[in-house]
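Notes to accompany the following structure.
Protein chains in written order, with the working numbering: chain U, -2 to 123; chain L, 89 to 455.
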């Protein structure tokens, strides 16, 4: 299993073979506040790198969730739709959003590692 | 223009507030626990709201002032008891709402609590309408805090003895640290509670004492979810110049006695709308499922015809689901009417419902 990578839109992605698990970062949940609604992509649909692949809403506002890589949606996490507060509780593990069969592994190279992301998150929220 | 800060700014910072600019003020949107926890704490325990950005307008006068204010507000102010409060609105001649407000009769005249974004304009309008006959003070030297929720009476009474005996929508002068404070039993959350007008130099001390007794500061975020669950309007969203009190379904706040006389600004339109009905009206809207329909969401009927718009919508933590209100064409305003809300290009089912979404029977001595 490869290391976890991060996007500038505050998604994390973990690759296992050719299937990637994607969610939003802890930093993202802290910026959003209490998440009260989540919408996920349709299973079987295709998503393009940096395209919209879902929505999260806090009590204050709605925000798009983007996919950091292209691929076909092979699984979605119904548990976070049923109880969106799980996203605040465990964003970088059990509250994953969707799984993709990825199209182009080289897209992973455009993403940040943990150190770079932490630095990026700190700079952009200052 | 520089953003203003309230006298509780330092305390907000000490409590890790996240700030937003609201009506020209740096105001706390939430603290570290977050909107949902703050909302629930207010419903179950006691929350303190800094509403010092709101206008506290004191107008000094006697019988003449009452007569002149009755030309402006659709209230029976002559028969309003001393220290009693009423919810009302400042209207134009077309009955369009320029602000909603709480007016209280005091021993020196009236105290009117105005929305922050409207207060300067309200002051101008009222000064003109009253022809500068009365002393009017939009007091910047006083802060305003609200304490709301079931434990608030006990907590506040521990510090300022006697407040627990106030009836709902009435007030009085009390003392704190030898300072005169004006306290009314009122609020905007659907909970029992109080609003406290106190000199800027003493509000920090009083608030810290309330926190020591177990209350907590609550941000504007939870204030919005609380008032929406309680079915209460937010000016600039649910109310504005293009809406009348009858359309806003607030006719309960208009004095029947005054309607029969019809001699206040906007009375022609109000009377006409009460007799002939209105084309659009404010309703509660409950989306099915978890979808949140926010302000400006379009509302459709079952034949896919556009019939209205959402004016406030969020997630209600006590309802544990989405809540909204908006305006629809009158024929679709009946409770349980099925409608559709267009969110991100898709139409989601919802139904018209009665307000409030959340109701507690706490009130004593409703006037």
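For glycine and all other residues, C-beta sits at the position ideal for the given N, C-alpha and C. What you are looking at is a predicted structure, and each value in this text was computed from that prediction instead of being measured.
Rounded straight-line distance, which links the Cα of residue j to that of residue i
i, j, result
"residue 257 of chain L", "residue 112 of chain U", "57 Å"
"residue 332 of chain L", "residue 184 of chain L", "5 Å"
"residue 455 of chain L", "residue 261 of chain L", "Unreliable positioning characterises residue 455 of chain L in this predicted model, as indicated by a pLDDT of 34, which lies under 50. A coordinate reading is not provided."
"residue 453 of chain L", "residue 6 of chain U", "Any reading at residue 453 of chain L needs caution, since the residue's pLDDT is 45, under 50, leaving its predicted position unreliable; the model's value is listed next. Taking the straight line from one Cα to the other gives about 54 Å."
"residue 192 of chain L", "residue 417 of chain L", "35 Å"
"residue 99 of chain U", "residue 119 of chain L", "40 Å"
"residue 69 of chain U", "residue 41 of chain U", "6 Å"
"residue 236 of chain L", "residue 383 of chain L", "26 Å"
"residue 44 of chain U", "residue 173 of chain L", "58 Å"
"residue 225 of chain L", "residue 145 of chain L", "6 Å"
"residue 177 of chain L", "residue 200 of chain L", "11 Å"
"residue 17 of chain U", "residue 408 of chain L", "33 Å"
"residue 26 of chain U", "residue 121 of chain L", "13 Å"
"residue 138 of chain U", "residue 156 of chain L", "Lying outside -2 to 123, the shown extent of chain U, residue 138 of chain U is not represented and no answer is given."
"residue 13 of chain U", "residue 90 of chain U", "14 Å"
"residue 213 of chain L", "residue 219 of chain L", "10 Å"
"residue 108 of chain U", "residue 119 of chain U", "17 Å"
"residue 93 of chain L", "residue 423 of chain L", "43 Å"
"residue 288 of chain L", "residue 229 of chain L", "6 Å"
Check whether residue i and residue j have beta carbons under 8 Å apart
i, j, result
"residue 283 of chain L", "residue 320 of chain L", "no"
"residue 342 of chain L", "residue 358 of chain L", "yes"
"residue 459 of chain L", "residue 203 of chain L", "This structure does not reach residue 459 of chain L, given that chain L is present from 89 up to 455, and the question cannot be answered."
"residue 427 of chain L", "residue 420 of chain L", "yes"
"residue 29 of chain U", "residue 53 of chain U", "yes"
"residue 350 of chain L", "residue 181 of chain L", "no"
"residue 316 of chain L", "residue 127 of chain L", "no"
"residue 95 of chain U", "residue 74 of chain U", "yes"
"residue 396 of chain L", "residue 414 of chain L", "yes"
"residue 274 of chain L", "residue 134 of chain L", "no"
"residue 305 of chain L", "residue 299 of chain L", "yes"
"residue 124 of chain L", "residue 405 of chain L", "yes"
"residue 19 of chain U", "residue 10 of chain U", "yes"
Proximity winner among the options, relative to residue i (alpha-carbon distances)
i, options, result
"residue 322 of chain L", "L:264, L:354, L:305 and L:276", "L:276"
"residue 171 of chain L", "L:361, L:327 and L:270", "L:270"
"residue 101 of chain U", "U:67, U:29, U:54 and U:44", "U:67"
"residue 111 of chain L", "L:443, L:98, L:139 and L:100", "L:139"
"residue 223 of chain L", "L:273, L:246 and L:152", "L:152"
"residue 435 of chain L", "L:133, L:302 and L:393", "L:393"
"residue 278 of chain L", "L:130, L:375 and L:439", "L:130"
"residue 386 of chain L", "L:398, L:375, L:377 and L:376", "L:398"
"residue 82 of chain U", "U:59, U:39, U:35 and U:107", "U:35"
"residue 248 of chain L", "L:227, L:216, L:285 and L:215", "L:285"
Per DSSP, the bridge partner or partners of residue i
i, result
"residue 49 of chain U", "U:63"
"residue 172 of chain L", "L:258"
"residue 202 of chain L", "L:143"
field: Residues of the stretch 378 to 408 of chain L whose Cβ lies closer than 8 Å to any Cβ of chain U, in chain order
entry: 378, 379, 380, 382, 402, 403 and 405
- request: Please list the residues of the stretch 10 to 33 of chain U that have a C-beta atom closer than 8 Å to any C-beta atom in chain L, keeping them in chain order.
  value: 30, 31 and 33
- prompt: Between the stretch 112 to 124 of chain L and chain U, which residues of the former have CB atoms less than 8 Å from a CB of the latter, in chain order?
  reply: 117, 118, 122, 123 and 124
query: Using Cβ-Cβ distances below 7 Å, what residues of the stretch 93 to 108 of chain U are close to chain L?
result: none
- request: Return the residues of the stretch 298 to 314 of chain L that lie within a Cβ-Cβ distance of less than 7 Å from chain U, sorted by chain order.
  value: 309 and 313
Proximal residues, the stretch 200 to 230 of chain L versus chain U, C-beta separation under 9 Å: none
Members of the stretch 59 to 70 of chain U that neighbour chain L once the beta carbon cut-off is set at 9 Å: 59
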